[in-house]
Amino acid sequence: MSQQKPLEIRPAQESDARVLLSFIRKLADYERLSHEMVAEEEDVRRWLFGPNPVAEAALAYSNGRPVGYVVFFTIFSTFAGSPAIYLEDLFVDGEHRGKGTGHALLSYVAKLAMQRNYGAVVWAVLEWNQPAIHFYRSLGATPEDDWRIYKISGEPLKRLSDRLTSLNEPGI
830 MSQQKPLEIR
840 PAQESDARVL
850 LSFIRKLADY
860 ERLSHEMVAE
870 EEDVRRWLFG
880 PNPVAEAALA
890 YSNGRPVGYV
900 VFFTIFSTFA
910 GSPAIYLEDL
920 FVDGEHRGKG
930 TGHALLSYVA
940 KLAMQRNYGA
950 VVWAVLEWNQ
960 PAIHFYRSLG
970 ATPEDDWRIY
980 KISGEPLKRL
990 SDRLTSLNEP
1000 GI
């Protein structure tokens, strides 16, 4: 009878880029957003492990096999006057859900926030994802009901950027 190894959470390394991309694709499928998934392995390498990384990642391992991941980065709250961690992705393979892996990944991020003297960990969740909402509430997380997330990208982002250029604003 083989001894089952405990769950291990460790920071991701550049050599994990392919594994991370695989999990990102699984998350996109789960969230019904695979039509928006355009990231490639080189993007993961550049933005998480390149000379100017903009995010961090960690992987969860069970019996030496990757079973989940988290991607996060630092933000700053002007109202609170302190930094926080923004949780971009949290994903656990289906057969490992409900076994503490998601909790362990969030605990890892919470521990980093505390060690760095940050004031919070914040994230967004799709409204239809009731299992995730229930899980987050069970941890003591509360929704920010008065706030709505907005995004600008693609052609509207370019037009907005071009507008400043056409106004000849100094400082950029």
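Each residue of the sequence shown is one higher than the one before, counting from 830 in the numbering used here.
Glycine residues also receive a C-beta, built at the ideal position from the N, C-alpha and C atoms.
Since residue i and residue j should fall inside the 8 Å C-beta cutoff, what is the C-beta to C-beta distance between them, to a whole number of angstroms?
i: residue 841; j: residue 849; result: 6 Å
i: residue 891; j: residue 955; result: Going by Cβ atoms, the distance from residue 891 to residue 955 rounds to 26 Å, so no, they are not a contact pair.
With a CB to CB cut of under 6 Å and the five nearest residues on each side skipped, what residues in its chain are close to residue i?
i: residue 857; result: 863 and 866
i: residue 942; result: 914 and 950
i: residue 974; result: none
i: residue 921; result: 897, 930 and 931
With DSSP as the reference, please indicate the residues paired to residue i in a beta bridge.
i: residue 976; result: Residue 976 pairs with nothing; no bridge assigned.
i: residue 938; result: Note: residue 938 sits in no beta bridge, so no partner.
i: residue 914; result: 903 and 950
Is the distance from the Cβ of residue i to the Cβ of residue j below 8 Å?
i: residue 884; j: residue 900; result: yes
i: residue 909; j: residue 948; result: yes
i: residue 903; j: residue 912; result: yes
i: residue 929; j: residue 897; result: no
i: residue 981; j: residue 953; result: no
i: residue 847; j: residue 869; result: no
i: residue 874; j: residue 843; result: yes
Grab me the residues of residue i's own chain with a C-beta within less than 7 Å of its C-beta, minus the 5 sequence neighbours each way, in chain order.
i: residue 845; result: 888
i: residue 886; result: 841, 849, 877, 898, 899 and 900
i: residue 934; result: 838, 887, 889, 897, 899 and 919
i: residue 882; result: 876
i: residue 972; result: none
For residue i, report the span of its beta strand (DSSP E) as first-last.
i: residue 906; result: 894–906
i: residue 851; result: No beta strand (DSSP E) contains residue 851, which is instead part of the alpha helix (DSSP H) from 846–859.
i: residue 922; result: Neither: residue 922 is in no beta strand (DSSP E) and is coded neither H nor E.
i: residue 837; result: 837–840
Leaving out the 5 sequence neighbours to the left and right, which residues in its chain are closer than 8 Å to residue i when beta-carbon positions are compared?
i: residue 988; result: none
i: residue 927; result: none
At what residues does the alpha helix (DSSP H) containing residue i begin and finish?
i: residue 960; result: 959–967
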